[in-house]
Amino acid sequence: MPAIVLIGAQWGDEGKGKATDLLGEHVDYVVKFNGGNNAGHTVVIPTASGPEKYALHLLPSGILTPGVTPVIGNGVVIDPEVLFHELDGLVERGVDISRLVVSANAHLIAPYNRTIDKVVERFLGSRKIGTTGRGIGPTYADKMNRIGIRVQDLFDEHILRQKVEGALDQKNHLLVKVYNRRAIGVDEVVDELLSYVERIRPLVADTSLLLNDALDAGNTVLLEGGQATLLDVDHGTYPFVTSSSATSGGACTGSGIPPNRVERVIAIAKAYVTRVGEGPFPTELDDADGERLRVNGHEFGTTTGRPRRCGWYDAVISRYAARVNGVTDFVLTKLDVLTGFEQIPVCVAYEVDGKRFDEMPMSQSDFHHATPVLEYLPGWSEDISGARTFDDLPANARAYVMALEEMSGAQISAIGVGPGRDEIVQLRSLV
Ligand code: GDP
Ligand code: IMO
Ligand code: MG
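Numbering (our numbering), first residue to last: -11 to 419.
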């Protein structure tokens, strides 16, 4: 049976959590393959007593589906304090977390990396990235620099101490001499990390082996990406990106599942675009329309509460996402948020210094200066949240979706019309 990859097509917060939850009952494993608690996924589940809302950060969204085995893959960076806080919160609400498995090769976000993330941002001033301040970038930097601490290091106190000493030898110079902060003691870090050992031990496994065995046995594995294509460290709007591989290629390196197991790549795209943090955003709106998208779409970050920057749908970005990820299906979310606009502009190309770009410009300098070439599509005023088939949508909403499909480089297989699990128009099966 196949592995399926699910990723964000834009700058994050497209509704990946909801889509993963939707697919949950058709899959056996849900694997988070990149990022950490910089992610924020809101999932709304219908229950007998009304809709229940969950905000997930570090855990795969599949943890909410009974019977699914949620896996934190090797490509993830784990803040153990956040891991157990999030698990405790779910247990309190009656969620069964007993199947969770954590890769022995995942890296840990050490306390000094949270500190460094914040002081570096302050130091950068106007050149800041607008990170979530969770220590994500410094932890991935340590991984590449080969001074990272991995989950498996927790089980060898001697090695753990040696690694923390080695890392702090460098970090304390930086913290004290460059950033004017206090030095961090080896003991305080080692003691904090060791305090998690007994709790994490039963969760830890060779997850690449586990997942490949599961695929051999006929199970379906969903690889759930955090962040999104334009936040990918290689393919995103560098340097205004996160520090992991959020595109479909990262699903393989971040899980230990080879590319020839992947049969489907599902990209989640909002019917407009949002971005949190700094960096270029050609279709961004600074006007009443932008405010209307923010308010109607509740566009405030799940992780940091920051207002999200809002703009019109950008087909250049979607085509780019289709190309670099090998997208087989788009899920178009939040179509309901566009209800009531008389006409809806869509970006079909960019203009940079009088030159038209139908594809993403090669250079970031050009992308920073790109202005959108807009096409105007007629809007609709009917409430579409009750639509469950394509024909339930008003003609102009159908035409909007079809126009987007035409420009975006892959078929649109489902359409979100509200935050709830059932608020979806499914055009074809995704599993
Ligand atoms: P993720 O990070 O990609 O999982 O997305 P977030 O959870 O950060 O942000 C998406 C938000 O949109 C969440 O609050 C979802 O509940 C909500 N959402 C998802 N799909 C839809 C939809 O089709 N319509 C509306 N109105 N809200 C949606
Ligand atoms: P989900 O999974 C939106 C952004 C931050 C910042 C940049 C780098 O919910 O879609 P980092 O803390 O990762 O070093 O910050 O990336 N960012 C996100 N934006 N959704 C996310 O996750 C994000 N995760 C990181 O705002 O601009
Ligand atoms: Mg989010």
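All C-beta atoms in this analysis are idealised placements derived from N, C-alpha and C, irrespective of residue type, glycine included.
Small disclaimer: the values here were computed from a predicted structure and weren't measured.
**Study point:** Backbone CA spacing between E370 and F318 [nearest angstrom]
**Key:** As a working note, residue 370 is residue 382 in the sequence shown. As a working note, residue 318 is residue 330 in the sequence shown. Those two C-alpha atoms are separated by around 24 Å.
**Study point:** Beta-carbon proximity list for G125, same chain, < 7 Å, skipping 5 on both sides
**Key:** Along the sequence shown, read from residue 1 onward, the residue named residue 125 stands at position 137. Cβ within range, chain order: D105, T119 and S231.
**Study point:** Inter-residue spacing [alpha-carbon to alpha-carbon] between I412 and A259
**Key:** To locate residue 412, count along the sequence shown from 1; it is residue 424. To locate residue 259, count along the sequence shown from 1; it is residue 271. Each residue's Cα considered, the two are about 13 Å apart.
Check your understanding: With distances taken from CA atoms, which of F345, Q331 and M390 is nearest E363?
Key -> Counting from 1 along the sequence shown, the entry for residue 363 is found at position 375. Considering only alpha carbons, the answer is Q331.
Point to revise | Own chain residues within Cβ distance below 7 Å of L418, not counting five before or after | key: The residue you call residue 418 lines up with position 430 of the sequence shown. Answer for L418: L11, I254, D317, S401 and A402, listed in chain order.
Review point. If R282 sits next to C298, beta carbons under 8 Å apart, how far is it from one beta carbon to the other, in whole angstroms?
Key: Mapped onto the sequence shown, residue 282 falls at position 294. Mapped onto the sequence shown, residue 298 falls at position 310. Indeed they touch by this definition, with Cβ atoms about 5 Å apart.
Practice item. Tell me, please, whether the segment 268 to 286 touches the segment 100 to 114 by the rule of three or more beta-carbon pairs shorter than 8 Å. Key: no
**Study point:** Reduced DSSP secondary structure (H/G/I, E/B, other) of A337
**Key:** The residue you call residue 337 lines up with position 349 of the sequence shown. Strand.
Check your understanding: So is S49 buried or exposed if we call it buried at 16+ other beta carbons inside 10 Å?
Key -> The residue you call residue 49 lines up with position 61 of the sequence shown. Buried, by the Cβ-count rule.
**Study point:** Of the listed residues K6, F288, V177 and K151, nearest to T421 (C-alpha basis)
**Key:** Residue 421 cannot be examined here, being either before or after the span of the chain that is shown, -11 to 419.
Exercise for review: With hydrogens ignored, establish whether the beta-carbon of H45 is closer than 7 Å to any heavy atom of the ligand GDP.
Suggested key: Start at 1 with the first residue of the sequence shown, and residue 45 comes out as number 57. No, the Cβ of H45 stays beyond 7 Å of every heavy atom of the ligand GDP.
Check your understanding: Along the chain, which unbroken stretches of the beta strand (DSSP E) at least 3 residues long are found entirely within the segment 277 to 318?
Key -> 297 to 299
**Study point:** Straight-line Cα distance separating E287 from A276
**Key:** The count along the sequence shown starts at 1 and reaches residue 276 at position 288. The count along the sequence shown starts at 1 and reaches residue 287 at position 299. The straight-line gap from Cα to Cα measures roughly 14 Å.
Check your understanding: With a cut-off of 8 Å, do at least 3 Cβ pairs link the segment -7 to 1 to the segment 216 to 233?
Key -> yes
Review point. Could you give the residue range of the beta strand (DSSP E) that holds E40?
Key: What you label residue 40 is simply residue 52 of the sequence shown in a count that begins at 1. Taken as a continuous stretch (DSSP letters only), the beta strand (DSSP E) holding E40 covers G38 to L44.
Point to revise | Burial state of H95, where buried means 16 or more other Cβ atoms lie within 10 Å | key: Mapped onto the sequence shown, residue 95 falls at position 107. Classification for H95: buried.
**Study point:** Residues of its chain near L88, where Cβ-Cβ distance is below 7 Å and the 5 sequence neighbours each way are ignored
**Key:** On the sequence shown, residue 88 is found 100 positions in, with the first residue counted as 1. Same-chain partners within the cutoff: I51, P58 and L191.
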